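**Q** Chains as they are written, first to last, in the working numbering: chain W, 1 to 349; chain C, 350 to 747.
The beta-carbon is built from N, C-alpha and C at its ideal position, and this holds for glycine as well.
Keep in mind that this is a model prediction, so the values were computed, not measured.
Before we start, here is the structure in question, set down as structure tokens.
This is the structure we're talking about:
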């Protein structure tokens, strides 16, 4: 089923979508991690509650409020969230104290906020949303499955507004583990390394990107999710072939593709083969030099497009990997994280 | 028109048994699984009883024929999936098969043993203890072991997690996206969860007494429970029949508090009422309610009141089975889905173990004696949890 996006909210390492200058400037850094540049939450979260929130909850609530504001709604009918790692900071706080204090004299706050559904639960609590509420935790498909759940929910409950998001936070502990696991790069990276490098692992990232999705076509220009294709595959050559077959089966005239190219040597061949064989006549864009590499980064890519369309802007020039698109009608997002692949088929309507 | 999701087989492991037959035998003979922790190494082993699967990771891994270095949750999951899937595994050629799991603890049982050393000097720690920490990694290990890859997902909505995985599986079979699904969840005990629940002061230092006026809290448990669901087409190909279907499901949010239920069970009522609507049933059609019934003051009161309102005082036979299995968190709804299927298949109402005193604020009394040979056509199963997540499932005879 087709989903129309009527609102976007992003908090990321490249800033937040509530800011007029969002994604306008060419990024410049030399770092191993792109941490969220957080907004002033005053407009979104009561100060008393903000103090108690971990970063994951803050960026999740912040992005969801921006998104609802952009869509012009007070509360959604239902909520669907994807997060690979959940509320890691609070998990580590409780874990650290539990070990240091030999399981004694512990307080509940960090534990309460450590559960994977904290963000979706807190959004429901703050908005008074009694509707359907789900949290997916399937690694590099967490956000994709939250979107597929939205298709299932709206098929059963048409004409509702669903809040859908992807969120992950980075901690010192998770960064260390992700570096050892080869997902994130041990050394510092520059934007050029991410766009053109061939490194072991990619610059680490985190962020929250939320959307209002509905099954009814809106009156103003919007991005429509025509389909979501998600699969796992250990062999990058086989993955490239699967994606090629899928894209060819869609028989679309594609104006632009947004690629999860990260400079990681493990995925460069995959992206390169698609770029030269499938997308040779298509404008190509990257996004991970903005948000870094993390499990739900595809939500950022979607947000980059929906934010631009809502503001009647082009995709940022510093994201173009060659010629920029003269029109944006049919757009694909192709992402690779570990052995998780996804492709969003999008149409601007 | 949606296709029915038929329940073809079950797989389960809990403190009361390593498979469906053993768990059923314990339910029929009122054998509890709650006791002293032997395998979970914790400061609280003398003070906080748990419903532990009485076997080491090595012994359990041998049962599942998987690597003993896996997190315990993955090993428990593999045992239950194996039971549900194996009899039909070689008949699924050409069918689209999905795996819908749920967990709250992921690989924490291994992480918590090495976290301190990892933070001090990560090079001193065997990375195998960390690499499967993510909830999704647990599901991936099990999916890969059984070669399932058409659709693989993990849901984590606290104590209601596996109700939601069954709901999604039923939806995807319902609209033809999949032919076969294994759906449920798994959670092992860990010091992290035991201590977390202990700080909330909702753990019973004695054996728990759900729906009793003098209840003191819950006992944590561990285990895994899965349903093997099929479309009619898949059943024909496999040459199997089913006794019941997933007829109703609903997910709602209480939007009241991060860890507590609203006093009148707003989310509970919505979940139960909407699940009945999806099943196209009236409250009077339900023959048995498998209660969430954790044994905490808050849950049982909210759930009880919501049931009284929804059923207009005419409450069918109802019981909590958590006095047997403990609260298995992300596995609970999967475990209780298996018990619901057994209730329909064998005409059973399970006694609510250790019940003594009528609750003051709830007027109905849970079933306290085993009832056999009862006509059970429709079972309602409740699962409510942190984050306000409330889910209800309806299972119906077919």
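1) At 4 residues or longer, and completely inside the stretch 353-424 of chain C: list those alpha helix (DSSP H) runs for me, N to C.
2) Taking any Cβ of chain W, which residues in the stretch 380-393 of chain C have a Cβ under 9 Å from it, in chain order?
3) Do residue 52 of chain W and residue 41 of chain W have their C-beta atoms closer together than 8 Å?
4) For a test of the three-state rule: what should DSSP assign to residue 477 of chain C, helix, strand or coil?
5) Quick one: Cα of residue 563 of chain C to Cα of residue 116 of chain W, how far?
6) Are the CB atoms of residue 254 of chain W and residue 608 of chain C within a distance shorter than 8 Å?
7) If you reduce the DSSP assignment to three classes, tell me which class residue 36 of chain W lands in.
8) Note down, in chain order, each residue of its chain lying with its Cβ closer than 8 Å to the Cβ of residue 365 of chain W, except the 5 sequence neighbours on either side.
9) Decide yes or no for the touch test of the stretch 164-171 of chain W against the stretch 205-213 of chain W: beta carbon pairs closer than 8 Å, at least 3 of them.
10) If we ignore side chains and look at the alpha-carbon of each, how far apart do residue 15 of chain W and residue 28 of chain W end up?
11) Does the Cβ-Cβ distance between residue 614 of chain C and residue 558 of chain C come in under 8 Å?
12) Is residue 588 of chain C buried or exposed, if buried means 16 or more other CB atoms sit within 10 Å of its CB?
13) How is the beta strand (DSSP E) around residue 729 of chain C delimited, first residue to last?
14) Using three-state DSSP, classify residue 184 of chain W as helix, strand or coil.
15) Going by DSSP, what residues sit across from residue 99 of chain W in a beta bridge?
16) Return helix, strand or coil for residue 107 of chain W, following the three-state DSSP convention.
17) Rounding to the nearest angstrom, what Cα-Cα distance links residue 491 of chain C and residue 428 of chain C in this structure?
18) From the beta carbon of residue 708 of chain C, is the nearest beta carbon of chain W less than 8 Å away?
19) Taking its Cβ as the centre, do 16 or more other Cβ atoms sit within 10 Å of residue 422 of chain C, making it buried, or is it exposed?
20) Helix, strand or coil for residue 284 of chain W per DSSP?
21) For residue 421 of chain C, decide whether its Cβ has a neighbour in chain W, counting only Cβ atoms nearer than 8 Å.
22) Closer than 8 Å, Cβ to any Cβ of chain W: which residues of the stretch 361-377 of chain C, in chain order?
23) Could you round the C-beta distance between residue 571 of chain C and residue 401 of chain C to whole angstroms and report it? I think they count as a contact, below 8 Å.
24) Could you check how far apart the C-beta atoms of residue 652 of chain C and residue 662 of chain C are, in whole angstroms? I think they sit under 8 Å.
25) Assign residue 300 of chain W to one of two classes, buried (16 or more other C-beta atoms within 10 Å of its C-beta) or exposed (fewer than that).
26) Hey, quick one: how far does the alpha helix (DSSP H) through residue 258 of chain W stretch, first residue to last?
27) What separation, rounded to the nearest whole angstrom, lies between the Cα atoms of residue 6 of chain W and residue 222 of chain W?
28) In terms of alpha-carbon separation, which member of C/737, C/670, C/358, C/544 lies closest to residue 436 of chain C?
29) In angstroms, rounded to a whole number, what distance separates the CA positions of residue 680 of chain C and residue 32 of chain W?
30) Could you check whether residue 335 of chain W and residue 268 of chain W sit closer than 8 Å to each other, using their CB atoms as the reference points?
31) At the level of alpha carbons, what is the spacing between residue 56 of chain W and residue 122 of chain W?
32) Leaving out five residues before and five after residue 606 of chain C in sequence, what residues of the same chain have Cβ atoms less than 8 Å from its Cβ?
33) Between residue 118 of chain W and residue 509 of chain C, what straight-line distance do the alpha-carbon atoms span, to the nearest angstrom?
34) Using C-beta distances below 6 Å, list every residue in its chain close to residue 71 of chain W, excluding the 5 sequence neighbours before and after it, in chain order.
35) Using 8 Å as the threshold, is the stretch 449-463 of chain C in touch with the stretch 535-543 of chain C, meaning 3 or more CB pairs across them?
36) What does a CB cutoff of less than 6 Å around residue 504 of chain C pick up in its chain, not counting 5 residues either side in sequence?
**A** Quick look at the numbers:
1) 369-377, 406-413
2) 391, 392, 393
3) Taking the first chain and counting its residues from 1, one reaches residue 52 of chain W at position 52. Taking the first chain and counting its residues from 1, one reaches residue 41 of chain W at position 41. Not in contact: residue 52 of chain W and residue 41 of chain W (Cβ atoms no closer than 8 Å).
4) For the purposes of this step, residue 477 of chain C is taken as the residue at position 128 of the second chain. Here residue 477 of chain C sits in helix by DSSP.
5) By 1-based counting over the second chain, the position of residue 563 of chain C is 214. By 1-based counting over the first chain, the position of residue 116 of chain W is 116. Cα to Cα, the separation comes out at about 32 Å.
6) Within the second chain, the letter at position 259 stands for residue 608 of chain C. Within the first chain, the letter at position 254 stands for residue 254 of chain W. No, they are not a contact pair.
7) Counted from its first residue, the first chain places residue 36 of chain W at position 36. The answer is coil: DSSP assigns residue 36 of chain W none of H, G, I, E or B.
8) Outside the shown range of chain W, which is 1 to 349, sits residue 365 of chain W, and nothing can be said about it.
9) yes
10) Counted from its first residue, the first chain places residue 15 of chain W at position 15. Counted from its first residue, the first chain places residue 28 of chain W at position 28. In a straight line, the C-alpha of residue 15 of chain W is about 13 Å away from that of residue 28 of chain W.
11) In the second chain, residue 614 of chain C corresponds to position 265, counting from 1. In the second chain, residue 558 of chain C corresponds to position 209, counting from 1. In this structure, residue 558 of chain C does not lie closer than 8 Å to residue 614 of chain C by Cβ.
12) Stepping through the second chain from its first residue, residue 588 of chain C is reached at position 239. Its Cβ having fewer than 16 others within 10 Å, residue 588 of chain C is exposed.
13) For the purposes of this step, residue 729 of chain C is identified with residue 380 of the second chain, where counting begins at 1. Its beta strand (DSSP E) spans residues 727-733.
14) If you number the first chain from 1, residue 184 of chain W lands on position 184. Correct three-state label for residue 184 of chain W: strand.
15) Along the first chain, read from residue 1 onward, the residue named residue 99 of chain W stands at position 99. Residue 99 of chain W pairs with nothing; no bridge assigned.
16) Mapped onto the first chain, residue 107 of chain W falls at position 107. Looking at residue 107 of chain W - three-state DSSP - the assignment turns out to be coil, as it is neither helix nor strand.
17) Along the second chain, read from residue 1 onward, the residue named residue 491 of chain C stands at position 142. Along the second chain, read from residue 1 onward, the residue named residue 428 of chain C stands at position 79. If I take the Cα positions, the gap works out to 10 Å.
18) Indexing the second chain from 1 puts residue 708 of chain C at position 359. So, not an interface residue.
19) As a first step, residue 422 of chain C must be located in the second chain, where it is residue number 73. Burial call: buried.
20) One-based indexing of the first chain puts residue 284 of chain W at position 284. Strand, per DSSP.
21) Here residue 421 of chain C corresponds to residue number 72 of the second chain, with the count starting at 1. Output row for residue 421 of chain C: interface = no.
22) none
23) The residue labelled residue 571 of chain C in the question sits at position 222 within the second chain. The residue labelled residue 401 of chain C in the question sits at position 52 within the second chain. The Cβ separation is near 6 Å, so the contact holds.
24) Against the second chain, residue 652 of chain C aligns to sequence position 303. Against the second chain, residue 662 of chain C aligns to sequence position 313. Residue 652 of chain C to residue 662 of chain C, Cβ: 15 Å. No contact.
25) Locating residue 300 of chain W in the first chain gives position 300, counting from the first residue. Classification for residue 300 of chain W: buried.
26) The residue you call residue 258 of chain W lines up with position 258 of the first chain. From DSSP, residue 258 of chain W is part of no alpha helix (DSSP H) but of the beta strand (DSSP E) over 256-259.
27) Residue 6 of chain W sits at position 6 when you count from the first residue of the first chain. Residue 222 of chain W sits at position 222 when you count from the first residue of the first chain. Roughly 6 Å between the two C-alpha positions.
28) As a first step, residue 436 of chain C is located in the second chain; it is residue number 87 there, counting from the start. That would be C/358, whose Cα lies nearest to the Cα of residue 436 of chain C.
29) Taking the second chain and counting its residues from 1, the one referred to as residue 680 of chain C is at position 331. Taking the first chain and counting its residues from 1, the one referred to as residue 32 of chain W is at position 32. So the alpha carbons of these two residues sit roughly 38 Å apart.
30) Counting from one through the first chain, the residue named residue 268 of chain W turns up at place 268. Counting from one through the first chain, the residue named residue 335 of chain W turns up at place 335. Result no, Cβ atoms of residue 268 of chain W and residue 335 of chain W do not sit closer than 8 Å.
31) Taking the first chain and counting its residues from 1, the one referred to as residue 56 of chain W is at position 56. Taking the first chain and counting its residues from 1, the one referred to as residue 122 of chain W is at position 122. Approximately 11 Å between the Cα atoms of the pair.
32) Working through the second chain from its first residue, we reach residue 606 of chain C at position 257. Taken in chain order, the residues that qualify are 737.
33) One-based indexing of the first chain puts residue 118 of chain W at position 118. One-based indexing of the second chain puts residue 509 of chain C at position 160. So the two alpha carbons sit approximately 13 Å from each other.
34) Residue mapping note: residue 71 of chain W aligns to position 71 of the first chain, counting from 1. Only 6, 7, 212 meet the Cβ criterion.
35) yes
36) For the purposes of this step, residue 504 of chain C is taken as the residue at position 155 of the second chain. 451, 510, 513, 514.
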